[in-house]
Amino acid sequence: MGDSAYSFSLTTFSRTGKLLQIEYALNAVANGRTALGIAAVDGVVIATDKKFASALVEGGDVSKVEAITDSSGFVYAGVGPDYRLLVRKARKSAQAYFREYRETKPVGQLVKSTASVMQEYTQSGGVRPFGVSLLVAGIDGDGVPRLFQVDPSGAYFGWKATAIGKNYVNAKNFLEKRFQDDMELEDAIHTALLTLREGFEGEMDGHNIEVGVVSKSDGKFRLLTPEQIQDYLDEAN
Amino acid sequence: MSRDSNYDHHISIFSPQGRLYQMEYAFKAASSASGLTGIALRGKDTCVVVTQRKVPDRLVVPSSVSHVFNITSKIGCLATGMIADCHSAIQRARYEAADFEFKYGYSIPPAVLAKRMADIAQVNTQSASMRPLAVVMMIVGVDEEKGPQVLKVDPAGHFLPFKGTASGAKEQEATNVLEKRVESIPEYSFDETVRTAIVCLGSVLGSDFRGSEIEVAAVQGVQGKFRSLAEEEIEGHLNAIADEND
Chain A
1 MGDSAYSFSL TTFSRTGKLL QIEYALNAVA NGRTALGIAA VDGVVIATDK KFASALVEGG
61 DVSKVEAITD SSGFVYAGVG PDYRLLVRKA RKSAQAYFRE YRETKPVGQL VKSTASVMQE
121 YTQSGGVRPF GVSLLVAGID GDGVPRLFQV DPSGAYFGWK ATAIGKNYVN AKNFLEKRFQ
181 DDMELEDAIH TALLTLREGF EGEMDGHNIE VGVVSKSDGK FRLLTPEQIQ DYLDEAN
Chain B
1001 MSRDSNYDHH ISIFSPQGRL YQMEYAFKAA SSASGLTGIA LRGKDTCVVV TQRKVPDRLV
1061 VPSSVSHVFN ITSKIGCLAT GMIADCHSAI QRARYEAADF EFKYGYSIPP AVLAKRMADI
1121 AQVNTQSASM RPLAVVMMIV GVDEEKGPQV LKVDPAGHFL PFKGTASGAK EQEATNVLEK
1181 RVESIPEYSF DETVRTAIVC LGSVLGSDFR GSEIEVAAVQ GVQGKFRSLA EEEIEGHLNA
1241 IADEND
């Protein structure tokens, strides 16, 4: 971004006062694969599908759900390569925070700094906005589970439960019906899987979805193994 | 600038539907610019890349026409697309691999190099000042922990590990042929991997080859070096394939 030869912003106001590049970026997100998250009273779950265009892909180590600190993680909908850049910057910023304060960067701070980066790319010279919306899940030292959504504009919102990407409207309606304020993590994981299944083509199993969980009991963000996901799916049946 | 939505075809900004046209055009250029098809395959302990060698003129020195490159002595790459962009990407990959080894004291794993090249490619899709490179890189190497790997990096900055994959003009046809063998490919020996790659290329191009008309390069085992097979070796494999078919 710093060495762009363009000194003017590519994202400018239209006559009606809109920032069209940001709206178009949101369209890119809406074309992406669905991702969703639910914040329960004792933890947060984020999930997405893991579908590849070909059976030739070795999908074992490829993942969209990524841990940023020990106790927080991201998932996205939209343009994959843009997401990797945000993950890298977030990890670096969390590490820099730890270096200075010797404490894990809190989720809210992580969200603010990532959102700030995304905003910069809507205003700086010669760059386009990120084509991703992020879902950020984490638990801070205060034990409160948090789920945030960050959009290409850099706007962020705290959610009890939400979905992004293709089919997000149906997914959000589904979540709204089933969400309870006193929901526990186990229920939340089941609900997340049921919501994913709504828009899923084909059979869902432990290998074609990804689930990330952070629980109040240990405060650690981890990805569920395919076997664990399969267990949850079997219970849901 | 947003009003002039015609610019979305010229630089890396979003179209109204949320597409990045420059990136899509870069893909088209990478597939069709050279007219070549390339295949990369990994077996039990071997990675192989195969592509055509189209010498444009009889006066051209054949060995100077190549889309197969060494990035390190152990990691190789088949770069399909515009040859000048390929050279640029390979030079950068060589620098990144050398820099990694200098900084960290051990050879860069193929997947780490692929991710680095993909992240570099992504920058060109987000920054208007540089166009994306019209190159699809298939980076191959034998990882110490994970075994043989094939990683494909595209102009958009996507990268994925594959058991086998193709790029270029006949990418889809070649991928279909490979998908039929997806279960057996990871167990192939050196010879099986090489011959399957050659057979696959032959079947999508609908012709037989001579040893001088294709490039074949491979790396076998963690200690192995990525090297191009000599014409005689390629002829040997072609004969073996012909014998199998008789």
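Quick note, the sequences are listed as chains A and B, same order. Those letters in the first sequence? Residues 1 to 237, per this note's numbering, in order. Those letters in the second sequence? Residues 1001 to 1246, per this note's numbering, in order. Cβ atoms here follow ideal geometry from the backbone N, Cα and C, with glycine treated the same way.
| Item | Value |
| --- | --- |
| Three-state class that DSSP yields for S133(A) in the structure shown | strand |
| Bounding residues of the beta strand (DSSP E) (the contiguous stretch that carries R146(A)) | P145 to V150 |
| Residue-level contact to chain A via CB, D1122(B), 7 angstroms cutoff | Inspection of the sequence shows that residue 1122(B) is occupied by Gln rather than by Asp. Chain A, which has a Cβ nearer than 7 angstroms to the Cβ of Q1122(B), makes this yes. |
| Interfacial residues, the region 78 to 89 of chain A to chain D, with Cβ spacing under 9 angstroms | Given the protein chain composition of this structure (A and B), no chain D is represented. |
| Nearest candidate by alpha-carbon position, reference D151(A), set P145(A), D82(A) and V132(A) | V132(A) |
| Coil, strand or helix - K1028(B) by DSSP | helix |
| Three-state secondary structure (DSSP) of G1206(B) | coil |
| Euclidean distance between Cα positions of P81(A) and V117(A) | 16 angstroms |
| Cross-strand partners of Q1149(B) (DSSP beta bridge) | G1141(B) |
| A1230(B) classed as buried or exposed, judged by whether at least 16 other C-beta atoms fall within 10 angstroms | exposed |
| Residue span of the alpha helix (DSSP H) that contains N1176(B), given as start and end | E1171 to K1180 |
| R84(A) to A55(A) span [Cα, whole Å] | 23 angstroms |
| Proximal residues, the region 119 to 131 of chain A versus chain B, C-beta separation under 8 angstroms | Y121, G126, V127, R128, P129, F130 and G131 |
| Local Cβ density within 10 Å of G143(A), reported as buried at 16 or more and exposed below that | exposed |
| Below-7 angstroms beta-carbon distance, A1156(B) vs any chain A residue | yes |
| Distance between G206(A) and E235(A) (C-alpha atoms, nearest Å) | 13 angstroms |
| C-alpha distance - E120(A) paired with S1129(B), whole-angstrom precision | 17 angstroms |
| Cβ shell of F13(A) (< 8 angstroms), same chain only, five flanking positions each side left out | L19 |
| Cut-off 7 angstroms between Cβ atoms - residues of its own chain near S1032(B), not counting five sequence neighbours on either side | A1169 |
| Between the CA atoms of L194(A) and D187(A) - distance to the nearest angstrom | 10 angstroms |
| The beta strand (DSSP E) enclosing P1161(B), as first and last residue numbers | F1159 to F1162 |
| Residues that E227(A) contacts on chain B, provided the C-beta gap is smaller than 8 angstroms | Result: empty, since nearest Cβ-Cβ is about 21 angstroms, beyond 8 angstroms. |
| Beta-carbon gap between V111(A) and Y156(A) smaller than 7 angstroms | yes |
| Heavy atom of the ligand PLP within 6 angstroms of V1222(B) beta-carbon | Of ligands this structure carries none, so the ligand PLP is not represented either. |
| Sequence-distant residues of its chain with Cβ nearer than 7 angstroms to Y6(A) (five each side left out) | G125 and G126 |
| Start-to-end residues for the alpha helix (DSSP H) that takes in Y1007(B) | Per DSSP, Y1007(B) belongs to no alpha helix (DSSP H) and is neither H nor E. |
| Chain-order list of residues whose beta-carbon lies under 8 angstroms from that of K220(A) (same chain, five-residue window excluded) | D70, S71 and V214 |
| 4-residue-minimum alpha helix (DSSP H) runs that sit fully inside the region 28 to 95 of chain A, ordered along the chain | none |
| CB contact below 7 angstroms: A1174(B) versus chain A | no |
| Validate contact between the region 1010 to 1020 of chain B and the region 1124 to 1139 of chain B using beta carbons, cut 8 angstroms, 3 pairs | yes |
| Neighbouring residues, chain A, relative to P1161(B) (Cβ below 9 angstroms) | V57, E58, G59, G60, D61 and V62 |
| Anticipated Cβ contact below 8 angstroms, A1089(B) with L1160(B), distance rounded | With a Cβ gap of about 17 angstroms, A1089(B) and L1160(B) do not count as contacting. |
| Within 7 angstroms, strictly: CB atoms of I22(A) and S153(A) | yes |
| Closer than 7 angstroms to chain B by CB, N208(A) | no |
| One or two residues paired with F1069(B) in a DSSP bridge | C1077(B) |
| Rounded C-alpha distance that separates I1039(B) from I139(A) | 46 angstroms |
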